[in-house]
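Notes to accompany the following structure.
In our numbering, the protein residues as written are 944 to 1312.
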């Protein structure tokens, strides 16, 4: 055992108490960084979560994954994968704040399951499916939720000749997030360049027809008892020619309207579609389900099983509009992760597994927040 891990275990007992708010104080691991293009976004989410949980009285052990895959402890010391697993096992739950491939795609969920540690967020399969935008489209269409018409492009297809598609079109890597590699193209030359740029981030690329509609995000929270809480929806209003690209996402030009101004009928259809996709993918914890709201109804854009999680990010804003403060949301997610793991352990071998992390794909009871 490394010296840092020994110190981590020694401190574990200090977490068995209550927070200033009277809640159970827990020792948790928050993981940030990662090897994807969303490394910096992940660091920001992890820092915000660590700060909020520490301020609430929890003992937080921070782990960071460098861009090259090296693991570091809270002091920046290299601990390696084995040392990181020791830290994971010293805590009651893990909060993985990695966005994109190598984290959100089920990779960290698999590590936590192998280590036998409860974790916040979706299980392996759901993370992998939701990260794959092509697979998400196929599943959504299969359960009756429309998506934008599109084609899948890879190197073999580009080598066979120029890619053609109805224009204008949106080009995006299949498994990247935070709008990295996403382009709006209007002619064949732009399409070729955009596909080549996206292929530097992923080996598969989506070329989708442009959908004209309002951008509406919904946050779905799955509880251990099978209920689904849907936070007030958020509308993205951008001045970038109506395109919420990487620049608009982080330069402050976009406006978030929470709750989004929607009719009861629009709200009902969006909530139903969000929960349908959430359950079809097998998500757990909180996920952000993004739509374009058109005259014909909602069209799914994508699903984020580990969305940005600073206090100013979309999901915390939506729950704040429902009266759930940022620290309270974090504590709820951790408590649910621990409760789910406890229920699974209590079921034992041969018991019925209905924890949102197994093979059950179905519809949970809908509770609107």
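No residue lacks a Cβ here, since even glycine has one placed at the ideal position from N, Cα and C. The model shown is predicted, which means the values in this text are computed figures rather than measured ones.
Asked	Found
Does residue 1010 pass the burial test, meaning 16 or more other C-beta atoms within 10 Å, or should it be called exposed?	exposed
Under the DSSP definition of a beta bridge, which residues are partnered with residue 992?	For residue 992, which the question treats as bridged, DSSP gives no partner whatsoever.
Can you tell me where the beta strand (DSSP E) with residue 1005 in it begins and where it stops?	1002 to 1008
Out of curiosity, what's the CA-to-CA distance linking residue 1220 and residue 995?	30 angstroms
Is the beta carbon of residue 1253 closer than 8 angstroms to that of residue 998?	no
Can the beta-carbon of residue 1127 be found less than 8 angstroms from the beta-carbon of residue 980?	no
What would DSSP say about residue 969, mapped onto helix, strand or coil?	coil
For residue 1250, I'd like the list of residues in its chain whose CB is within less than 7 angstroms of its CB, leaving aside the five on either flank, ordered along the chain.	1231, 1256, 1257 and 1258
Would you mind working out which of 1288, 1092 and 1098 sits nearest residue 1108, comparing C-alpha positions?	1092
Count the other CB atoms within 10 Å of the CB of residue 1204; is the residue buried (16 or more) or exposed (fewer)?	exposed
Below 8 angstroms on the Cβ atoms is my contact criterion, and I expect residue 1265 with residue 1175 to pass it. Report the Cβ-Cβ distance as a whole number of Å.	6 angstroms
Rounded to whole angstroms, what is the Cα-Cα separation between residue 1301 and residue 1132?	A caution first: residue 1301 carries a pLDDT of 40, below 50, which makes its placement in the model unreliable, though a value can still be read off. Spanning the two alpha carbons is a distance of roughly 46 angstroms.
Does the count of Cβ pairs from the region 1157 to 1169 and the region 1273 to 1288 closer than 8 angstroms reach three?	yes
Please classify residue 1058: does DSSP put it in a helix, a strand, or coil?	helix
Answer with buried or exposed for residue 1084, where buried requires no fewer than 16 other C-beta atoms within 10 angstroms of its C-beta.	exposed
Is it buried or exposed, residue 1129, if we count other Cβ atoms within 10 angstroms and call 16 or more buried?	exposed
For residue 1055 and residue 1218, what's the separation of their Cα atoms in angstroms?	26 angstroms
Using alpha carbons as the reference points, say which of 976, 1036, 988 and 984 lies closest to residue 1003.	1036
Can you tell me whether residue 1160 is helix, strand or coil according to DSSP?	strand
Mind checking which residues open and close the beta strand (DSSP E) that includes residue 1241?	1240 to 1247
According to the Cβ coordinates, are residue 1073 and residue 1287 closer than 8 angstroms?	no
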